[in-house]
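Here's the structure we're looking at; comments come further down.
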Amino acid sequence: ARRLGGRGVSAAAAPPAGRREATKAANRAAIVRSAREVFGELGYGAASVRDIVRRAGLAAGTFYNYFPDKESVFRVIVDETGAEAGARVAAARAHATTPRAFVEDAYRAYFSYIVEDRARFAFMRRNAGEIRLMFDDVTLPAVTEALMADLRAAMDRGDLPPADLEYTAHAMTAVGLELGSRLAEREPPDVEGATRFASELFLGGLPGLGASVRS
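Residue 893 in the numbering used here is what sits at position 43 of the sequence shown, and the numbering runs on without skipping anything.
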(Lines of atoms letter the chains of each structure in order from A and count residues from 1; the text may use other names and numbers.)
(Lines give C-alpha, C1' and ligand atoms only; values in the text may rest on other atoms or scores of the structure.)
Protein backbone atom coordinates (compact mmCIF):
# COMPACT_ATOMS: atom_id res chain seq x y z
CA ALA A 1 0.00 0.00 0.00
CA ARG A 2 1.32 3.44 -0.81
CA ARG A 3 1.14 6.31 1.62
CA LEU A 4 -1.28 9.17 0.86
CA GLY A 5 -0.85 12.50 2.60
CA GLY A 6 1.76 10.99 4.93
CA ARG A 7 -0.58 8.29 6.24
CA GLY A 8 -0.82 4.62 5.43
CA VAL A 9 -3.90 4.67 3.20
CA SER A 10 -4.04 2.30 0.29
CA ALA A 11 -4.95 3.50 -3.16
CA ALA A 12 -7.95 1.20 -3.02
CA ALA A 13 -9.19 3.03 0.08
CA ALA A 14 -8.98 6.47 -1.57
CA PRO A 15 -12.38 8.05 -2.31
CA PRO A 16 -13.65 7.43 -5.85
CA ALA A 17 -13.07 10.28 -8.30
CA GLY A 18 -16.80 11.01 -8.49
CA ARG A 19 -17.03 11.40 -4.75
CA ARG A 20 -13.99 13.66 -4.64
CA GLU A 21 -15.48 15.91 -7.33
CA ALA A 22 -18.77 16.04 -5.45
CA THR A 23 -16.91 17.04 -2.27
CA LYS A 24 -15.02 19.75 -4.15
CA ALA A 25 -18.24 21.11 -5.62
CA ALA A 26 -19.94 21.05 -2.20
CA ASN A 27 -16.99 22.84 -0.55
CA ARG A 28 -16.90 25.51 -3.23
CA ALA A 29 -20.65 26.06 -3.01
CA ALA A 30 -20.40 26.32 0.79
CA ILE A 31 -17.64 28.91 0.50
CA VAL A 32 -19.59 31.00 -2.01
CA ARG A 33 -22.81 30.78 0.00
CA SER A 34 -21.03 31.68 3.25
CA ALA A 35 -19.11 34.49 1.59
CA ARG A 36 -22.36 36.01 0.32
CA GLU A 37 -23.77 35.94 3.85
CA VAL A 38 -20.62 37.37 5.45
CA PHE A 39 -20.25 40.11 2.85
CA GLY A 40 -23.92 40.95 3.36
CA GLU A 41 -23.46 41.27 7.11
CA LEU A 42 -20.00 42.87 7.38
CA GLY A 43 -19.38 44.43 3.98
CA TYR A 44 -16.51 43.65 1.62
CA GLY A 45 -13.97 45.80 3.42
CA ALA A 46 -14.54 44.39 6.90
CA ALA A 47 -15.04 40.74 5.94
CA SER A 48 -12.08 38.36 6.05
CA VAL A 49 -11.30 34.92 4.71
CA ARG A 50 -11.34 33.70 8.32
CA ASP A 51 -14.93 34.96 8.69
CA ILE A 52 -15.95 33.11 5.53
CA VAL A 53 -14.43 29.72 6.39
CA ARG A 54 -15.73 29.93 9.94
CA ARG A 55 -19.24 30.44 8.57
CA ALA A 56 -18.76 27.59 6.09
CA GLY A 57 -17.52 25.23 8.80
CA LEU A 58 -14.38 24.41 6.83
CA ALA A 59 -10.68 24.44 7.68
CA ALA A 60 -8.95 27.75 7.01
CA GLY A 61 -6.69 26.24 4.35
CA THR A 62 -9.62 24.80 2.41
CA PHE A 63 -10.60 28.24 1.13
CA TYR A 64 -7.33 28.59 -0.78
CA ASN A 65 -7.94 25.35 -2.66
CA TYR A 66 -10.69 27.22 -4.50
CA PHE A 67 -9.96 30.94 -4.30
CA PRO A 68 -6.70 32.91 -3.90
CA ASP A 69 -8.28 35.73 -1.89
CA LYS A 70 -11.58 37.26 -0.82
CA GLU A 71 -11.73 39.47 -3.92
CA SER A 72 -11.89 36.37 -6.11
CA VAL A 73 -14.88 34.88 -4.32
CA PHE A 74 -16.54 38.30 -4.21
CA ARG A 75 -16.15 38.57 -7.98
CA VAL A 76 -17.67 35.12 -8.46
CA ILE A 77 -20.72 36.20 -6.46
CA VAL A 78 -21.03 39.43 -8.46
CA ASP A 79 -20.68 37.58 -11.78
CA GLU A 80 -23.20 34.90 -10.80
CA THR A 81 -25.64 37.52 -9.56
CA GLY A 82 -25.28 39.53 -12.75
CA ALA A 83 -25.77 36.46 -14.94
CA GLU A 84 -28.88 35.36 -13.03
CA ALA A 85 -30.37 38.85 -13.12
CA GLY A 86 -29.59 39.16 -16.83
CA ALA A 87 -31.30 35.85 -17.58
CA ARG A 88 -34.40 36.91 -15.66
CA VAL A 89 -34.60 40.21 -17.51
CA ALA A 90 -33.98 38.62 -20.92
CA ALA A 91 -36.73 36.07 -20.27
CA ALA A 92 -39.15 38.84 -19.33
CA ARG A 93 -38.43 40.69 -22.56
CA ALA A 94 -38.73 37.49 -24.59
CA HIS A 95 -42.22 36.82 -23.21
CA ALA A 96 -43.44 40.40 -23.60
CA THR A 97 -46.43 40.77 -25.93
CA THR A 98 -46.71 44.57 -25.93
CA PRO A 99 -44.22 47.45 -26.04
CA ARG A 100 -45.18 48.37 -22.47
CA ALA A 101 -44.51 44.83 -21.26
CA PHE A 102 -41.13 44.83 -23.03
CA VAL A 103 -40.00 47.69 -20.81
CA GLU A 104 -42.09 47.22 -17.68
CA ASP A 105 -41.76 43.46 -17.23
CA ALA A 106 -38.00 43.62 -17.64
CA TYR A 107 -37.61 46.25 -14.93
CA ARG A 108 -39.99 44.38 -12.64
CA ALA A 109 -38.00 41.17 -13.14
CA TYR A 110 -34.75 42.90 -12.19
CA PHE A 111 -36.09 44.76 -9.17
CA SER A 112 -37.89 41.64 -7.92
CA TYR A 113 -34.68 39.65 -8.30
CA ILE A 114 -32.85 42.08 -6.01
CA VAL A 115 -35.28 41.73 -3.12
CA GLU A 116 -36.67 38.19 -3.35
CA ASP A 117 -33.76 36.45 -1.58
CA ARG A 118 -32.76 37.79 1.83
CA ALA A 119 -29.05 36.90 1.61
CA ARG A 120 -28.76 38.28 -1.93
CA PHE A 121 -30.60 41.45 -0.95
CA ALA A 122 -28.30 41.99 2.03
CA PHE A 123 -25.24 41.36 -0.14
CA MET A 124 -26.33 43.87 -2.77
CA ARG A 125 -27.42 46.47 -0.22
CA ARG A 126 -24.23 46.27 1.86
CA ASN A 127 -21.80 46.25 -1.07
CA ALA A 128 -23.42 48.45 -3.71
CA GLY A 129 -20.27 50.44 -4.45
CA GLU A 130 -17.95 47.46 -4.78
CA ILE A 131 -20.50 45.54 -6.84
CA ARG A 132 -20.87 48.41 -9.28
CA LEU A 133 -17.10 48.64 -9.80
CA MET A 134 -16.82 44.93 -10.62
CA PHE A 135 -20.10 44.84 -12.53
CA ASP A 136 -18.80 47.51 -14.90
CA ASP A 137 -15.84 45.36 -15.95
CA VAL A 138 -17.54 42.41 -17.64
CA THR A 139 -21.19 41.99 -16.76
CA LEU A 140 -22.44 45.45 -17.70
CA PRO A 141 -21.19 45.32 -21.31
CA ALA A 142 -22.75 41.87 -21.76
CA VAL A 143 -26.09 43.01 -20.30
CA THR A 144 -26.11 46.11 -22.49
CA GLU A 145 -25.25 44.14 -25.63
CA ALA A 146 -28.09 41.70 -24.91
CA LEU A 147 -30.52 44.61 -24.47
CA MET A 148 -29.34 46.19 -27.72
CA ALA A 149 -30.00 42.94 -29.55
CA ASP A 150 -33.51 42.68 -28.08
CA LEU A 151 -34.26 46.31 -28.88
CA ARG A 152 -33.05 45.85 -32.46
CA ALA A 153 -35.25 42.78 -32.90
CA ALA A 154 -38.28 44.58 -31.46
CA MET A 155 -37.73 47.57 -33.75
CA ASP A 156 -37.25 45.32 -36.78
CA ARG A 157 -40.59 43.63 -36.00
CA GLY A 158 -42.27 47.01 -35.63
CA ASP A 159 -43.03 46.41 -31.97
CA LEU A 160 -41.01 49.48 -31.02
CA PRO A 161 -40.51 52.66 -33.02
CA PRO A 162 -36.99 53.46 -34.27
CA ALA A 163 -34.58 54.98 -31.75
CA ASP A 164 -30.84 55.19 -31.19
CA LEU A 165 -30.03 51.66 -30.03
CA GLU A 166 -26.80 52.47 -28.22
CA TYR A 167 -28.19 55.46 -26.31
CA THR A 168 -31.40 53.66 -25.45
CA ALA A 169 -29.74 50.46 -24.24
CA HIS A 170 -27.15 52.25 -22.12
CA ALA A 171 -29.73 54.62 -20.66
CA MET A 172 -32.16 51.83 -19.79
CA THR A 173 -29.40 49.77 -18.18
CA ALA A 174 -28.04 52.70 -16.19
CA VAL A 175 -31.49 53.61 -14.88
CA GLY A 176 -32.09 50.03 -13.81
CA LEU A 177 -28.79 49.84 -11.94
CA GLU A 178 -29.21 53.17 -10.17
CA LEU A 179 -32.82 52.60 -9.20
CA GLY A 180 -31.88 49.11 -8.05
CA SER A 181 -29.30 50.64 -5.71
CA ARG A 182 -31.81 53.15 -4.37
CA LEU A 183 -34.42 50.40 -4.05
CA ALA A 184 -32.05 48.38 -1.88
CA GLU A 185 -31.67 51.31 0.51
CA ARG A 186 -35.40 51.87 1.03
CA GLU A 187 -37.36 50.26 3.81
CA PRO A 188 -39.45 48.53 2.72
CA PRO A 189 -38.17 48.21 -0.86
CA ASP A 190 -40.81 49.33 -3.35
CA VAL A 191 -40.52 47.10 -6.41
CA GLU A 192 -43.68 48.37 -8.08
CA GLY A 193 -42.78 52.00 -7.44
CA ALA A 194 -39.34 51.58 -9.00
CA THR A 195 -40.83 49.63 -11.90
CA ARG A 196 -43.44 52.28 -12.57
CA PHE A 197 -40.94 55.14 -12.42
CA ALA A 198 -38.40 53.50 -14.74
CA SER A 199 -41.04 52.36 -17.20
CA GLU A 200 -42.77 55.71 -17.49
CA LEU A 201 -39.41 57.42 -17.94
CA PHE A 202 -38.80 55.46 -21.13
CA LEU A 203 -42.33 54.85 -22.36
CA GLY A 204 -43.13 58.54 -22.35
CA GLY A 205 -39.87 60.39 -22.11
CA LEU A 206 -37.61 59.40 -24.99
CA PRO A 207 -37.97 60.50 -28.63
CA GLY A 208 -39.43 57.68 -30.64
CA LEU A 209 -40.76 55.92 -27.55
CA GLY A 210 -43.82 58.00 -26.97
CA ALA A 211 -47.52 57.40 -27.44
CA SER A 212 -47.13 54.40 -29.74
CA VAL A 213 -45.28 52.49 -26.99
CA ARG A 214 -48.00 53.10 -24.40
CA SER A 215 -50.19 50.40 -25.89
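Idealized CB from N, CA, C, for every residue including glycine.
Asked                                                                                                   : Found
Any 3 or more C-beta pairs closer than 8 Å across the segment 954-973 and the segment 1011-1020         : no
Local conformation of Thr994 per DSSP, three classes                                                    : helix
Local conformation of Phe952 per DSSP, three classes                                                    : helix
contact_flag[the segment 914-930, the segment 996-1008] where n(CB pairs < 8 Å) is 3 or more            : no
Under the three-state DSSP convention, the category Tyr916 falls into                                   : coil
Span separating the alpha-carbon of Ser884 from that of Val903                                          : 8 Å
Supposed close pair Asp901, Thr989 - CB separation, criterion 8 Å                                       : Not confirmed; about 25 Å, so no contact.
Alpha helix (DSSP H) segment containing Val899, residue limits                                          : Val899 to Ala906
Residue nearest to Leu908 in terms of C-alpha spacing, selected from Arg968, Lys874, Gly1030 and Tyr894 : Lys874
Under 8 Å between C-beta atoms of Val1041 and Arg958                                                    : yes
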